Every structure is written in structure tokens, then in C-alpha cells.
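Residues 0 to 286 in numbering that gives the first Met the number 0 are what the sequence shown lists, from first letter to last.
C-beta: ideal position from N, C-alpha, C; glycine also.
All of these numbers come straight from a predicted model, not from anything done at the bench.
Presented below is the structure to which this report refers.
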Amino acid sequence: MPELPEVEIVKRSLKNRINYKKIKKIIIKNRNLRFKVPQNFENILEGRVVIDILRFSKYIILSLDNSSFCLIHLGMSGTLHLINNKKQKKITNLSFYHSKTLPKKHNHIKIKFSNFMIVYNDPRRFGFFKVFKNKYELNKYFEKKGPEAISSQFNYKYIKNKLENKNKNIKNFLLDQNFVSGIGNIYSNEILFHCKINPLKLAKKINNKNIRNLSKYSKLVLNLAIKYGGSSIRDFKNTKGVSGSFQNEFKVYDREKKNCPRRNCRSKISKIFISNRSTFFCKSCQK
Ligand SMILES: [Zn+2]
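Dropping the structure here:
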């Protein structure tokens, strides 16, 4: 599942290729994604020029020249593929996410530009597309979501206020998008390791120093992952066909029974499940 850093890389790749380009045609093969693709989708998008590509949390937002917006969420297994018209039958490695070639099945939506197209592929169909007629509708959609983990609003004061008297464990707190947007399972494990906080610790028991650390390391870990081009759990690539490499920087994620990377710590990384999500941490240095 792509998380904030991978979606940011997809956004940047898209921006390089489709900004200021005109959408010629939309072809929908299957409307039944997580939410049904709206009937007016083609009407709103065809003939429009993309004037910016934004991102909030794990949502990609195409800003169009008639002040409407198209929202794309990749869900669990959604991928965007860029196919040049001339090379349509050839193998292309311009996929944005974990596939070297355009898969044969599950190509649900095609967005055609003048000499290339973007194909949305999604075997599990947890991804979705939405359209908003204006900025007001778009903002309304996001109004209940927590601030982005990499934004200045995710600060000491905000976190302290939210964690107070809460009996929920801190890992579930970090994964709750109404508290903070854009932290998924992989990065929540990494952030808690950097903060030296046990993932099972109750929110109300997090001390002030650790509240500061949560704000600091959320930004640090996510920004570093973006710098490394995201994590290639499967085969994540940007438009140039370059894989993200942050998986080589993981301290705890997917490192069960390996040595704790912290100097002077001789423990091994443990794996447990919290709300069915695999959780990796060091019992000795995360208290
Ligand atoms: Zn340790």
C-alpha cells in the first residue's frame, strides 16, 4: 500500500508529465472501484487542461482549468501507468507504482492526452476517483481529516491536546487519519522507533518530551523517505523507472529477529500485531 512518501513521488512524476496538458478523452472500463466512479466524471474532465497537481495525505488532486478538481486515491493496489501512443504495444517501464509493464487485467480507467495516456490499474479495487466542482467542495471533503504529519499544524500543542486522557495506544493513534493525515503502517513503526516509544503505550501516558519527538520524527522520517524516492516494498518506480530506496533505511519495519540498529542495544526486533497490523519494535529501547 502506497503511503504519503510514495504518493508524493507519484504526484511529482505526474506533475512532470501532465501539467498544462489537455485531457482529450476518458475511457472507463469499470466504474466499480471502492466508490462508484461518478456518471459526470467524463463530462467534467474531457477537454480540460490540468493546471496543477497537488497532494493531501495519500490523495492526489488534479487541479483543472475550470476550477474543478479530480481526486485520485490508489487504495491498496492502485497503480498509474504512463503509456506513449507510439509505444502502446511495447513493454514500458514508465509505471508509477510496483509494475514494470502495463498489466493485462484490471485496467479500469484511461485518461488520454494528445500523445500519451495514463492508465489506472487496480486488481483489488480499493482505490477511487472523485470529482469536485470547486475548491469549496474539495475543502469540505477534507475538513474532518487531521493535519498532515509533515505540516506545521502537527505540533506539540495540537498533539498534546489530542492525546490527553485518551486510552488508545499510540500506534493506533498515529494511524487514525482524523488525528493525523498521512501516516500508514510502515512509517508509524519507524516513527515510534525514532521516538523510543513502545507502540502499545497509551496515548495519555506519553510525556511532553515524547510529544515533541512525535512531531519532530514524523516530519523527519516522512521527509527522508520522500528524499529516498519512497520505499520499494514491491516494485515502486517513478516515471524515470527509478526505484525508491527507503526500504534500505528501515530501522524496524520488516526486521523481525534482526539486531536493534541502536548503538549499545543488544536486543532483537520484535513483531506483534496491533489491530491486525504488523508492528515492529525494540522492547529494550522503546518504553
Ligand atoms: Zn533497541
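DSSP places S187 in the uninterrupted alpha helix (DSSP H) bounded by 184-194. Proximity of the beta carbon of Q176 to ligand 1 is not indicated: no heavy atom of the ligand is located closer than 8 Å. Excluding five sequence positions before and after F272, the CB atoms of its chain that fall closer than 8 Å to its own CB belong to T278, given in chain order. The three-state secondary structure of S217, taken from DSSP, is helix. In the structure shown, I22 falls within a coil segment according to DSSP collapsed to helix, strand and coil.
An exposed status is given to Q38, since fewer than 16 other beta-carbon atoms sit within 10 Å of its beta-carbon. Chain order is used for the residues whose beta-carbon lies nearer than 6 Å to a heavy atom of ligand 1, namely C259, R261, C264, S266, C281, S283, C284. With respect to the C-alpha of S274, the residue from P198, C69, L221 having the closest C-alpha is P198. Runs of the beta strand (DSSP E) lying entirely within the stretch 141-169 and spanning at least 3 residues: none are present. Residue pairing by DSSP places V179 in no beta bridge whatsoever.
Under a 10 Å Cβ-count criterion, S56 is classified as buried, with 16 or more other Cβ atoms of the shown protein chains found around its own Cβ.
Excluding the 5 residues flanking it on each side, K23 has same chain C-beta neighbours closer than 7 Å at K111, F112, S113, in chain order.
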